[in-house]
Structure formats: structure tokens, C-alpha cells
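These notes are about the structure you will find just below.
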Amino acid sequence: MNRQIGILDNDRNRLLVHDGSEVWITSGKSSGASIDGQLDLLANRDKGIEGQEVFGDGVFDFRYGPVTGGVIESGAYHLFTYGERILCVNIDWSYKHRGIERSMITQSVHDAVGRAEDICGNFAFAHSLAFAKAVESALGIEVSMQTKKLRIIGLELERIYNHIYVITQLASAAAQKVMTSHLQAIYEGLLRLNNDFFGSRFLKGFNGIAATRKPINIEALIHLSRRINGLSDRFEYLYKRALESENFMDRLHDTAKLDSEKAMTIGVTGPTLRATGVREDFRLHDPDYEGLRCATSQMGDSLARMEVRAEEVFGSVEIISDTAGELRELSESGIEPVEHGRRGHNGTGSGIGYCESPSGLLAYHVEIEKGKLASVYAATPSLLGFKAITESLPGNIFTDFPFAVDSFGAYFADAAR
Amino acid sequence: MKWWPVWGLTKRLTERKPYATEQTVETKIKIFRKSLHIYPIDVGNSNDLNLDIRALQAPQYNIHRFGIFFADVPRHADVLLVLGRPTEKMVPVLTETVNQMPEPFSIVVVENEDPTRRKSQTGVGIKSLNLPNVVAHLTNYREPGELIAVLLKIKGGTN
Amino acid sequence: MTFLYLSFALYLLGIVLSLRRELSYGIAFAGALSSLVAGILALTKECSSPQFSMMPGLSIGIGLDKTSGIFLIVASLSFVALTFYSIDFGKLFSRKMAAWFNLSLFGMTLVISAQDSVDFLIGWELMTIGLFLQILERKESHEEAFQFIAFGEASAMALIIGFASLFLTSGSFSIRDGVSAALAHSQAAPFFLVMVTLGFIIKMDIFPFHTWVTGAYSKAPSNTAALLSAPLTLMGVYGIVRTLSLVGYSTWWGVMVLSLGAISAFWGAMQAAAERSLKKLPAYSTVENNGIILTAIGLSAMAGAAGTQPMIILSRFAFLAALFVAFSHTVAKSLLFMSVGHAKESLQEESIDNVRGIWSNVGGIPAAGILTSGLSFSAFPPTIGFVGEWMVLEALFQSYKFEGNAERLIAAFAGILIALAIGLAAFSMIKLIGYTALGPDHGRKTHQFPSARIKSAEMFFIALLILGGVFSPYIVRLLGYSNFLGGLLAVPDPLLILSSNPIFGVVSPTMFLVVVGFLFLIPYLLYHRSAKKSRKVQAWNGGLALTEDEYFTVPAYSFILEYVLRKLYLTREVRTGYTAEVTNKDAAEYLYEYLNKFVRKLSYFVGRTVMNGKISLYVLYILVVFVLAFLL
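Residue numbers (numbering that gives the first Met the number 0), protein chains in the order written: chain A, 0 to 416; chain B, 0 to 158; chain C, 0 to 631.
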């Protein structure tokens, strides 16, 4: 099933679509206009999701945001309710819109990588990767094996700390105090690990066009492997026990349920889709990820999403260990030295780059003229994640809100750009 | 059933290193020696600052031992942490939040954008807003330890 | 006696002069004042008119004894305020209304002063008819008025049957004879008691006879609604007290009344908690308060029937509690309806959601009226409602003194229901006060009308509610219950109200005021004078001001409660397309719907089979009915 993820021109003619394995551009007329609502959503992506409303005796708009203790980012949820029951949801993230894509235009591709990272700090690596891939595809640049392997490590590290962060948020919302503290310790451990090996707690400023921007000590990666395994063991211990805690499970079970059909219609990807039983992961179609275990779950509720995330944490740890080993072998055999720094890329062209970010498909379309960016379009996973929230939240009650919202892993910064 | 608190105590996750910073803090308020309540407000950062503030609650830092606590509302807070460069739409929200702070209060501005890319920055410069009581402006924030050091200076005590 | 005659004469004059509305209400005010004086005089000296002998065993006359005096004072206080209030308020309605208003006051005064059941029933009917005609005042209120008169006539029928059985047993129509041993132990006494109690509790809006209150109260003009809620239900209380003075206490009756009262109190408070309409909420609160009164009377009867010395003390205390709640309810509910009516007519709105900000858009006095009466219903010291509800709970706490386990259990469960009722009442009153009196002003336009007298009537009752609470020890003494007063530690005699003798529980609203004054108010004032000016900011709501459609609504306030008790509220969440709402239904209404259906079917059946146009069948029907009536 083809799903639209972006509109590249004003009259909705050139659309960015994907089918679960790759992303391409198609004409709006040929892709079937049955999903007009979807295009409206994409066209309105600087502001948010609005237009749904419920009327009736006592129904009012409960605004949650833009500054509250419950939602960390500045954005507002408009929950229509007659008290406790959520009837429909509008989300306003215009507070967070910074216009980063526009600010990238006329910049050199190297400078723009940093701006792409600024779209969403906790998906910084995925953004830089998808952007770099788009530029590489536009200019026809080959990427060395070692750089590819390093990118896998960066992307999987990002996935691990994001997933752990989401699970920490869920545990914290359920007042699982001890578990939250231990998870926070693991989360902080992961951020420190990022800092120690990549020079940034949020993996910023590392990935570049066809190369890394910083040198990296391959010998040290063996420590990375050991440390990440240690953290993963601690997490596994906590997670196994969390699944035994009935009052924690009870909060997640049946909360914000989404079935696979609806998830496909919305076009949401990543753990949210996999939690509805659909085996779709862009890494499955990447030759660099051999033998990837694709974690799925069936129920489509917050619990299922948490299960998928936890399984992916374990999967990613394995990938990192294997990849770190392969990198060491590569460097010992002395085949390719690790490239880093910036080289002149002055070509012209357009291209698409995408990767599986922690919350799903993240795709970039770029047009480059003489090494300067002429247009950038970032199709971010959070936009569709929020759409999934507005579709699955009605019928739940206010106290389900954090369990529902956090489990989707959608961020205003990512959606608003 | 496990004795979780006992298990937790055996882990000794809290680190015992001093937190120091060269950042100057201009404050004369002496009443926060024993407790300091902070409220972070996101005004349009790229979310990594938000997540770093979450990490500040990790047991490694154990900020409660310094008497630093997170408040749920700005009205309960002593220090407002302004995270990032404000977007245009967040400016009125930020000024209203500052307006709601109880006297005496301090504002700490935290930014982490790469200073080399200044010309492509989006949003409004925080200096142009003339916020009251800005005691510290961290322009190149890197890790929570720096922030703890600043907060300790605001408290006016030692750790 | 002169004052009583005078007030009757003034009410009649008021009916005659109803073409001049102001004058008519003014005369009624004078009549109410005069009946108030008559009531006060009756506390010290009984009085009676000459008796007119109509037939053997029936002599008609009016008069006042101490019980009548107490009830007449309470009712007259309400009349005084309501008539004065109506001088301005009545201008919003037709001239006829003044006549019907006078008529119902006349009827009620007659009910209290009647010495025999014939007078009593005449007064009862006059009062019902007068109120019925007043409810009809508004357009499209036929259904509600009909419901009222249907329940009113059911009550009258029960009373007629009851009094007839009384006459058959004792050979007298008098209701002033005092307890006669012959009657109390006769076979007919239970039947009499059940019928008469039925008649009175229908008027007291006791569950399950309360379904008419929401319709009638909300449709009636507010001064009528106040009459319906406060003095009319007081007549029911008076009737029950009178009945008890005829046949004495019996345990089974006490248990019956106690259970009905406790269920009614809980049910009324529960429905009030979920109510969204400005006048239906006080209507359900009436159900609750009368339930509490009935519970106290029931406890008094149970304890009185036990007969031992400690139980008699408990019985007297429970009775005092019933009187106090009746007094506080009459005053507070009149005040509440006056203030709510004032706001409703100013803003021309029905629902609590739409009359927010009374304090700033209608005025401080109606808002203070809602606030004070609401606090009184929430049992907030030192209002008189607090004293009354404290007394009821104290009396119920003493249920351990009963000999039998069954009685203990029943009284304890009644106590639980009453405590829940008081809690829920506070919940609903906070809703009423918080949204209407103190709510945010949305800048609605108000409809102006002269309101000087309306405001003074409201102020009078605000003062009465608070002062009545503060000086409640004196009221206790005035009612003749001095043995429940005392002093302890620093509280001087007789400022302390005792709930039993030997002491069980004590309260002193007077001292409460003194202590609060010294320990809280004076330091607060001192602080306020020396404190720096504080900064005022808008309410914190995520960094933005609330827009019109973001305010928390009234249905949302109580939804959690409705959802948790959805089996009792029969809550349904209705979602159709783009609209959604929550509906509740009073389960008692099903009973009447079923009855209604049954009667319709029956009349259809009778119409088809008997009155189908064939003269022979019709004659046969008349014959059968005649023979049946003759035989019976």
C-alpha cells in the first residue's frame, strides 16, 4: 500500500510516497485522490492537526499546553471533553515551528547537515543520516563501508536511548518510582556513552556528507560494545520485572488502541505500526542490516508499543556489538581508512534519502545547485505519529493521556521543524 | 516480590564529583540556601535540551541532595530555566510565564546552538526580550553538570 | 389571636386588591408580619377561637398552641421575606399571581392554625390550588403544574382517608387532643399513621414521591418556587409532628420513616450533585433536606418508643435536630431561591453554565445570598445549617444506645446515608457557588429591573442565616430545650449545645465565631494593613489566557461522580456524529412512566369496552359503580 508522506509543490502534484520498502516521487493525480484528508494534514504540517470538533451540552476544549509540567515541549493539545472522557483531539505545534528547512536554503550541504540535526535533537543522528543520504543520492557520491558501519552504530545508539526514554516516561507516568529511577540511570548512562564515543550526548555533529565530521577511535569501540551490553543487561532485568507489575501493565493495556488497518490509513510507521502486527521496517530492505529481527506485537495498544520498543532495544544492542566487531576487523585488515572532515561537493542534482528513525520513516528530499541547497523537504515520523494520537486517543480518559501520548514517541520539534 | 528500595540502595548510582563552572551568576538573593525549585520552559529548542533536563533527574546527579527540586508550575518555582531560543509565537507565552513567577525569582537562559552557525539561526534573540532577573546565560551548554553548578551558585552554598 | 385574625383578613384583602400588584404584595407583607407576631405570642400562651359546632363530633375552630407557634414563626419568617421580595419581583409577572400568592399564604397559615382535620384539609387544598395557579403563570408549564396538582391531590386523598379512619376510631375530628391511649393502641392506628404519613411525605418531596419537584420548581416563578420548596415542605413536617402528637411514638413507624428519610436524603443529594440546571439543583437539595428532617423525626420516634430515660433524652434531641434542620432549610432555601431567581431573571438563563459571574454582573447581594445559603447547606460553621446537620449526625451517632441490634444497624446505616448526603450536598453547593456566585464574568448583558426590595429581603435572610447560627443556643432555649445547653471549660453557660446528658458531644457556634475572630480574622486584618501590595496576575493556564470555550463546564465538574455511580445515575454517554453529551435519569421516574403507561392502556381499554357508545353497556356500568359505592 502506497502512503503519502510529503507534498513537494503547492498544487499537490508532486508527492513523496513510500510503500514500506522505499520512497519515491509520484504525481498527485496518479496516486489516487482518495486520501485528500491525508494531503490536508501534510499541507498543514507547520501548524498542527486541527479541524475536528465535537459539540454538545457541557463539551469544552481542555487546552493542555503550551507550557505545562505534563508536556515537556511547547505545544498545545486541545482535548474536547465533557469531563474526563476525551472526545476528540486537536494538536497545535505552531509554537515550535522554526522554519529550519527554509533556513537551510542557499547553505552549503556541509553547513546544512547541522541544521538538519537541529530539527529534532533526539533524532539528530537520523536527521543527519537521512539528509546526508539525500545529498549523496543527489550528487551521486559513494560512501565507504566503514562510514556505513559507523552510521549503523550511531542510528542504533539513538534508537536505544530514545526507546529507553519513552519507557522511562511511561514508568514515570505510572508512578513506578524505583523503576523510573533505575531507567533514568540507564538513560543518563546511554547519553554519557554517546558523549564518550561520539563527542555529543545527542550524537550531534558526528555524521557528515559521505564521511564523519570527527575522527573516531576504532580501538575504543570494543569498550562501547562492552558498556552497551552492560546497560542492556540492566535494562532487561528491569523490563522483565516491569512486565510482572500488574498496576503498570493495567495502565498500558488497551490504552490508545490502534488497529493495523487504521494505522496503515494514517500512514504511521515505526514501532507504532509494528505494534499493530505489521512487519514493516526500512532496515529490512537495507543490505547493511543482515538478518535483522523485526520485532512486532499484535494488540496495537500502549503496551504493545512498549513491547516493540523494548525488543528493538535488545535487537539494536546486538547490531551494535556485531557492527563494532566488524569495524575492528575492517580496521585490522587495513582495507579502508576512516574518512572524516569535509570535502568540496559542488554538484547539482536532486535526491531522496531516508532511514528508519526511532519513531519510523524519516525521509528527505533535496535539490542542490552547485553545492548549495535549493530546496529541502523533511518528511518526519512525528507528524504521522501525532495523527495516530488524535485517532487513537478519543474514548480514553484524561488519566490515560501520558500513557497514550508518550508511547507513540512523537515530538513537537520533529513535527513542527 | 523484591525489596526494591534495598536493591536500589545497594547500587550507589550517585556520583561524587564536584560540579564547577566558570559561568558567572549575578544574584544577591540569599534565601535559597536550603531549597531551590526550578521550572524548565521550552521556548523552541530542538528537544535535546528538554531531554537533557529529564536526564538531570537521573540518580547519577541526585539533585535532591542539594535541595534542588522540580516544580510543577512556574508559580511554585524559584528559578525559571529558559531552554533554547524563543520562536516568535512563544515570546508572549514566555513573558506571561515570567510574569507568573513569585518574587524573588531568577531566570537562567540555556542555549546550545552552535555559535559558528549564528547567521542561520531561527527565532528571537533572548536579549532583545529584556527579561527581568536573568542571572545567567549559558550560550554553549554541553551537559547537566554545568547546569547543576550554576544552580548551586544561585543557591549560594556549596555542595 | 387578634394578630392571627388580622393576618387572615390581610391575606383576603390582598386577594381582593390584586389588581394593584405592589399593594397586594405589600398587604401580604403586613399579613406575614402579623402572623409572625401571632406565632411569637403563641410560644408563651396558647390561644383559640370560638368553636362552631357543625354536627355531632365536628366542631370547627382555629387556634395556636406551642408547636403551631414554632412552625408559624418559621413559616412567617419565610413569608415576610418572600412577600417583601415579591413587591419588586412580582412586577415581572401578571396581576393574578398576586392573588394566588395571597391565597397560598392564607392556606398555609390555616393549615398551621387548624384545630381539626376539616380546617386542616381546607387550608391544605387552598394552599395546593394557590400554588398550582402560580406554577401555571409561565407559558408551557401545564405539564409541570399538572404533575404538581396530581401529587398534591394524591396527598390530599391520603390525608382524607387517614382522617376518616381517625374519625371512625376516636369519633372526633380534632387534631389537638394529644396522645390518646385508646387511639394509640387501636387496630386502626397503623392504618391512620401510614395514610397520613403518606400524605405528608408526598408534600415533603420524599423519595420516591419527588419526581415532580424538578419540573415544578424550575418552571414556577422563583418566589413561588421558594414557597414550594420552603414553607410547603414545612407544612409536611408540621403535619407529621402533629400526627405524632396524636398517636405517640412507635418503633415500626420510626424505622419506616427513618429509612425513607435516609434514602431520600442520599438520593436528593446525589441527584443534586449531577444537576446542571439553576433551579433543579436547589429542588433536589430540598429532597435531601427533607430527607434529613424525616430521618431525625424517625430517630426521635424510634428512641421515644423505647421509653427508657436515656432514650427519651435522645428522642428529644433528635426532635430538636429536626426542628433546627427544618428552620435552617426554610430560611436557606427561601434565600437560595430568591437569589437564584434574581440572577435568573436578570440574565434570562436556565443553566448553571450560563449564569457565571453573578458577583460582578448581577450584584454582590444575590451572590452573597447564594454563597451564604450554599454554605449553610454544606454545613459550614457558624451558619445555622451547620448546627442543624451537626445535631442530626450527633443524634445518629448515639444509635449505639438502642437495645436491639436491628435498630442499631438500621440507625447506623441511616447515619452512613446521611453523612454521604451531607458530603454530596457540599459537592453540589460548591458547584453552585463556584460557578454562579463566584464564577468568572463572561460579560453577559443583564436585564434590569427595580431590585431594592429584592436585595433587602435577601440581606435580611443572609443576616438571619448567620446570626441564627451564632445565636443558636438562644434558639434552643426559645424552643424550650434548655437542658441541652451548658458550659464547659472556657465556654460560658449556656453557649454550648450538648447532644446528650450526660455529655456526648458539644458544639458552640458562638464561641466558634469568637475564636475565629480572634485567631484568624484580627491577625489577618493586621497583616493586611501592614503587608506590601501583592501583584495580581491572571489564572495560570499553560501560559495563555483562557478563551471562552476553554472554561471548565458544569457537566464536566460532576462527570467523574456520575461515571463512578453510573448504575445509580443511569448515566449514558451519547455520541452522535459531531455531538456528544452525558445524560442521567432519575430512576424514580421509571416508576411513574410505567404507571402512566398502565393508566393510558387501562383508559383505552375501558373506553373501548365500556364507553363505546352503546347506551345499554354504559347504564350497566353506572349501575355497577353505584352498587359498589353503596356497598362500600
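Yeah, the Cβ is synthetic: ideal placement off N, Cα and C, and Gly gets one too. Note that the structure is predicted; figures quoted are calculated from it, not measured.
Terminal residues of the beta strand (DSSP E) in which residue i lies
i	result
G362 (chain C)	Counting along the chain, G362 (chain C) falls outside any beta strand (DSSP E), and DSSP gives it neither H nor E.
Y353 (chain A)	G348 to S356
W23 (chain A)	V22 to S26
K152 (chain B)	Per DSSP, K152 (chain B) belongs to no beta strand (DSSP E); it is in the alpha helix (DSSP H), P143 to K154.
R2 (chain A)	R2 to I6
Enclosing alpha helix (DSSP H) for residue i [first to last residue]
i	result
D71 (chain B)	Per DSSP, D71 (chain B) belongs to no alpha helix (DSSP H) and is neither H nor E.
L32 (chain C)	R20 to T43
Y568 (chain C)	R565 to Y568
H364 (chain A)	That residue, H364 (chain A), is in no alpha helix (DSSP H); its beta strand (DSSP E) goes G359 to E368.
S391 (chain A)	P380 to S391
L154 (chain A)	M144 to A172
Span separating the alpha-carbon of residue i from that of residue j
i	j	result
N139 (chain B)	L382 (chain A)	29 angstroms
E157 (chain A)	F124 (chain A)	7 angstroms
G260 (chain C)	S299 (chain C)	13 angstroms
A32 (chain A)	A255 (chain A)	Note on A32 (chain A): pLDDT 48, under 50, position unreliable in the model; no value is reported.
I319 (chain A)	G433 (chain C)	59 angstroms
A42 (chain A)	I6 (chain A)	7 angstroms
A272 (chain C)	F426 (chain C)	6 angstroms
I26 (chain C)	S47 (chain C)	24 angstroms
L640 (chain C)	P365 (chain C)	The requested residue 640 (chain C) is not part of the displayed model; chain C covers only 0 to 631.
T552 (chain C)	G82 (chain A)	8 angstroms
T157 (chain B)	L151 (chain B)	Note that T157 (chain B) has pLDDT 46, beneath the 50 cutoff, so the model's placement of it is unreliable and the number below is only indicative. Roughly 7 angstroms between the two C-alpha positions.
S602 (chain C)	N595 (chain C)	11 angstroms
Within-8 angstroms CB hit, residue i to chain C
i	result
G5 (chain A)	no
Q99 (chain B)	yes
T389 (chain A)	no
Y81 (chain A)	yes
T67 (chain A)	yes
V53 (chain A)	yes
E87 (chain B)	no
D413 (chain A)	no
Beta carbon proximity, residue i to chain A, threshold 8 angstroms
i	result
E145 (chain B)	no
N46 (chain B)	yes
E572 (chain C)	yes
D71 (chain B)	yes
P160 (chain B)	This structure cannot speak to residue 160 (chain B), because chain B is shown only from 0 to 158.
Q22 (chain B)	no
Classification of residue i by the beta-carbon crowding that lies within 10 angstroms, buried from 16 upward
i	result
I205 (chain C)	buried
S127 (chain B)	exposed
N193 (chain A)	buried
Minimum Cβ-Cβ distance from residue i to chain B less than 8 angstroms
i	result
L543 (chain C)	yes
H96 (chain A)	yes
F201 (chain A)	yes
N121 (chain A)	yes
V316 (chain A)	no
D232 (chain A)	no
L424 (chain A)	Outside the displayed range of chain A (0 to 416) lies residue 424 (chain A), so it cannot be described from this structure.
I118 (chain A)	yes
Any chain D beta carbon closer than 8 angstroms to residue i
i	result
I429 (chain C)	Any reference to chain D falls outside this structure, whose protein chains are A, B and C.
Inset, instruction - Could I get the ranges of all uninterrupted beta strand (DSSP E) runs contained in the region 64-108 of chain A, with 3 residues as the minimum, in chain order? - result: 75-80 and 85-91
Inset, instruction - May I have a chain-ordered list of the beta strand (DSSP E) segments no shorter than 3 residues that lie completely inside the region 479-530 of chain C? - result: 484-487 and 490-497
Legend entry - Contained alpha helix (DSSP H) runs [length at least 4] in the region 101-142 of chain C, N- to C-terminal order: 116-134
Inset, instruction - At 4 residues or longer, and completely inside the region 221-277 of chain C: list those alpha helix (DSSP H) runs for me, N to C. - result: 221-228, 230-246 and 250-273
Legend entry - Whole runs of the beta strand (DSSP E) within the region 38-101 of chain B, excluding any shorter than 3 residues: 67-69 and 78-82
Legend entry - Uninterrupted alpha helix (DSSP H) stretches inside the region 263-346 of chain C (no shorter than 4 residues): 279-305 and 308-346
Legend entry - Minimum length 3: unbroken beta strand (DSSP E) runs contained in the region 558-608 of chain C: 571-575 and 578-582
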